[in-house]
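What follows is a short report on a single structure.
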Amino acid sequence: MGRYTVKVEEGRAAAGTRPSAGPVYRCVYAKDGLLEVPGELASPWDFFSNAVKKNPKNRMLGLRQKMDGKAGPYEWKTYQEAHDAALRIGSAMRSRGVNPGGRCGIYGSNASQWIIAMEACNSQAITYVPLYDSLGANAVEFIVNHAEISIAFAQDTKIPAILACLPRCSSYLKTIVSFSKATDAQKKEAEGCGASIFSWEEFLQLGSLDCELPPKQLTDVCTIMYTSGTTGEPKGVILTSGAIMAEVLSVDELLRETDKEVAEEDSYFSFLPLAHVFDQIMETYCIYKGASIGFWQGDVRYLIDDIQEFKPTIFCGVPRVFERIYMGMNAKIAAGGTVRKALFDYAYSYKLGSLEKGLPQHEATPRLDRLIFDKIKLGLGGRVRVLLSGAAPLPRHVEEFFRVTSCSILSQGYGLTESCGGCFTSIANEWSMVGTVGVPMSTIEARLESVPHMGYDALSDVPRGEICLRGKTLFSGYHKRQDLTDEVVVDGWFHTGDIGEWQADGSMKIIDRKKNIFKLSQGEYVSVENVEGAYSQCPLISSIWVYGNSFESFLVAVAVPERAPLEEWARNNDVAGDFKALCENPAVKKYILNALNSTGQKHKLKGFEMLKAIHLDPRPFDMERDLITPTFKLKRPQLLKYYKERINELYRDFKAMNASFKY
């Protein structure tokens with residue numbers, strides 16, 4: 001199809017009740033076969049132990065220490081120190097009766113203890129089960145019992161959540177280890193349920209460096225990773241050691257073939273949730289290469305400060321993070337004055353033209369990079385050379401901005417927990433792939449399957465359909481849910497639920513979601529993610545949730561406004577009130593509603609996709625209220641439950657106001 005993809009099977013027309021399917025494609029780097037894990041490797045523990053042998057004194061895990069309430073410089077554990085701690089922790093787990101194939105929970109935000117606990121599990125062939133930092137006691141209880149977790153490592157602030165559900169989990173959970181300390185009261189409470197709590201140091205002392213490590217195989221279950229899900233109970237995605245290792249090796253191969261692989265002098269900034277597959281694969285890759293990992297403080301207010309102190313060379317983010325940084329940088333550019341803004345615009349247009357002609361990042365405009373764009377690069381610490389975006393589509397204008405101004409490559413990828421992270425990624429310095437998620441990784445084969453009821457045909461001139469995958473990095477099923485596994489894995493193909501469109505160059509573009517579609521009362525179908533994607537281009541809002549159903553004829557929405565532009569508009573229009581009051585002001589709602597619909601028209605939304613009413617919330621959608629997943633995807637049933645009264649008001653008030661038009 002394109003320079004970076006090869007066809008390995010022809011497509012087939014629909015047969016009986018089965019939809020038609022397009023041809024099967026691989027990445028050109030896998031044209032002779034999908035990537036295999038070398039025979040001498042059997043577990044991610046081999047990645048870690050080999051890195052320790054090569055660079056035992058290299059910095060591995062860094063965290064800023066606080067002095068007088070302020071964060072100081074990063075302090076480090078070396079590879080050897082982390083390795084020894086992991087061996088002791090692994091040995092201590094065995095002393096508590098947790099054996100190969102047993103299950104260990106890890107509950108907390110990103111920290112060195114998280115990684116050491118993970119590697120301790122790898123050393124002993126124990127399956128680790130990440131628990132999302134945002135999950136409450138009910139979800140913790142479900143996962144502990146469903147996965148039959150017998151030991152859990154937890155951040156000290158998460159111990160109360162563990163203890164709250166312990167009476168209903170005590171048949172499995174017998175040992176709790178705090179990332180730091182445990183109080184006497186907590187120990188007593190756990191003992192009352194037949195369990196024991198240890199501080200980190202106490203547990204270390206139970207272990208030994210001389211423990212014998214068990215044999216390992218690629219087919220061992222490395223982790224059961226529960227997806228937060230947008231509906232229903234979490235699903236436990238089973239990932240083997242072989243799948244995780246193949247994913248890591250494919251990341252390395254792609255960077256080596258198209259740009260520059262990660263090396264021991266590189267540094268990775270850890271702030272995306274380690275409980276999510278995206279960050280976990282990237283950190284495992286950095287460990288494999290002997291690079292350094294620096295953790296954020298866990299407070300979004302200090303995110304940029306942490307980045308500038310750490311100065312990473314590799315930065316992974318989700319679109320919402322990149323959008324926030326993009327808006328902050330644009331605000332600074334605009335505040336620099338007319339002359340500086342004009343100079344920046346000239347440099348931007350000139351470099352954009354060079355990149356569009358096919359020049360690689362480092363050759364496009366080196367002089368302008370030094371004079372203009374290095375200042376933008378400083379916003380990410382000044383050393384970044386690789387930017388990676390995943391979890392959701394990155395808006396094209398944001399991707400273009402970072403490709404032009406960051407002086408580094410930017411690759412947008414696509415993946416799921418079920419595919420062990422990235423299964424598609426755009427190629428470095430290939431401008432035609434802007435706005436796409438690129439080509440299949442070298443561990444995966446991909447095809448499209450037609451979705452007739454949505455009008456998507458995998459065999460048309462512009463192939464569109466559901467993305468289906470098979471290969472080395474796919475999950476082994478949902479834990480204890482063969483019924484759910486059978487729903488999505490058909491004839492060896494994993495059905496992702498995402499709608500893709502093959503591009504002429506062989507890259508994939510995500511255009512829709514199979515299930516996030518509803519019908520309005522007049523019979524019109526609405527692809528809600530597509531509609532939200534268009535409205536999110538409006539600079540007056542940071543987030544939006546669009547709602548409609550088959551009993552109503554129009555759409556309404558809840559949006560979170562951008563504070564600075566709204567307050568500036570209020571000053572210029574003599575509208576008084578703080579941010580909360582502005583969000584309740586009818587004039588403000590009308591102003592933002594008009595701006596949203598104007599944006600929708602520019603993006604060619606249909607008439608029935610225009611918004612008729614809007615509620616403004618000054619508080620961002622957050623995990624505390626269970627409105628978004630840890631990767632910032634909207635949880636639609638929960639949003640409807642939370643805003644149901646507001647939604648009903650929007651429909652009722654709009655109908656009352658427009659009742660006269662019915663006669």
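The opening position of the sequence shown corresponds to residue 1 in UniProt numbering, with each subsequent residue numbered one higher. Where a beta carbon is used, it is the ideal one built from N, C-alpha and C, also for glycine. Being a predicted model, the structure only gives us computed values, none of them experimental.
Integer Cβ distance of K589 from L616, believed to fall under 8 Å: 6 Å
Runs of beta strand (DSSP E) lying entirely within the segment 471-502, each at least 3 residues, in chain order: 493-502
Nonlocal neighbours in the same chain, by C-beta distance under 8 Å from Y651, ignoring five residues either side: E552, V556, A613
Which of helix, strand or coil DSSP assigns to residue 689: Lying outside 1 to 663, the shown extent of the chain, residue 689 is not represented and no answer is given.
Reduced DSSP category for S419 - H, G, I as helix; E, B as strand; rest coil: helix
Own chain residues within Cβ distance below 7 Å of Q297, not counting five before or after: Excluding the 5 residues flanking it on each side, Q297 has same chain C-beta neighbours closer than 7 Å at R64, A71, D306, in chain order.
CA-to-CA distance, M225 to V37, given in whole angstroms: 22 Å
Presumed contact (8 Å Cβ cut-off) between D220 and S91, rounded CB distance: In fact, because the Cβ distance is near 19 Å, the residues do not count as touching under 8 Å.
Length of the line joining the Cα atoms of Q601 and A347: 30 Å
For R59, three-class secondary structure by DSSP: strand
The segment 269-276 / the segment 431-447 touching (three or more Cβ pairs under 8 Å): Touching, no.
Same chain only: Cβ atoms within 6 Å of R385, ignoring 5 sequence neighbours per side: Only T313, S408 meet the Cβ criterion.
Residues sharing a beta bridge with I143, DSSP: Its beta-bridge partners do not exist; DSSP assigns none.
Where D266 falls: helix, strand or coil (DSSP): coil
The segment 357-375 in contact with the segment 446-456 per 3-pair CB rule at 8 Å: no
Neighbourhood of H83 by C-beta, 6 Å cutoff - its chain only, sequence neighbours within 5 removed: V52
Per-residue burial, V237 [other beta carbons within 10 Å of its own, 16 or more giving buried]: buried
Assigned secondary structure, S598 (DSSP; H/G/I helix, E/B strand, else coil): helix
N-terminal and C-terminal residue of the alpha helix (DSSP H) that V52 is part of: 44-54
Element boundaries [alpha helix (DSSP H), containing K377]: 374-377
CA-to-CA distance, E430 to I159, given in whole angstroms: Near 47 Å, if we compare the C-alpha coordinates of E430 and I159.
Under 8 Å between C-beta atoms of A86 and I116: yes
C-alpha distance - A570 paired with E624, whole-angstrom precision: 30 Å
Status (buried if at least 16 other CB within 10 Å, exposed otherwise) for G33: exposed
G102, enclosing beta strand (DSSP E) - first and last residue: That residue, G102, is in no beta strand (DSSP E); it is neither H nor E in DSSP.
Residue environment, T127, which counts as buried when at least 16 other CB atoms sit within 10 Å: buried
Limits of the unbroken alpha helix (DSSP H) element including M93: 79-95
Identified DSSP bridge partners for I409: The partner list for I409 (beta bridge, DSSP) reads V386.
Selected residue, minimal CA-CA separation from G203, among E399, A152, C222, L131: Gly is not the amino acid found at residue 203; the sequence shown has Phe there. Selected option, being the one with the closest Cα: A152.
Nearest to R168 (by Cα), restricted to the options H146, K181, A182: H146
Euclidean distance between Cα positions of A334 and P395: 21 Å
Distance between K519 and Q412 (C-alpha atoms, nearest Å): 31 Å
Cutoff 7 Å; reference D491; Cβ partners in own chain excluding five residues on either side: none
Length at least 4, wholly inside the segment 281-348: the alpha helix (DSSP H) runs in chain order: 303-310, 319-335
Identified DSSP bridge partners for S527: I517
Under the three-state DSSP convention, the category I197 falls into: strand
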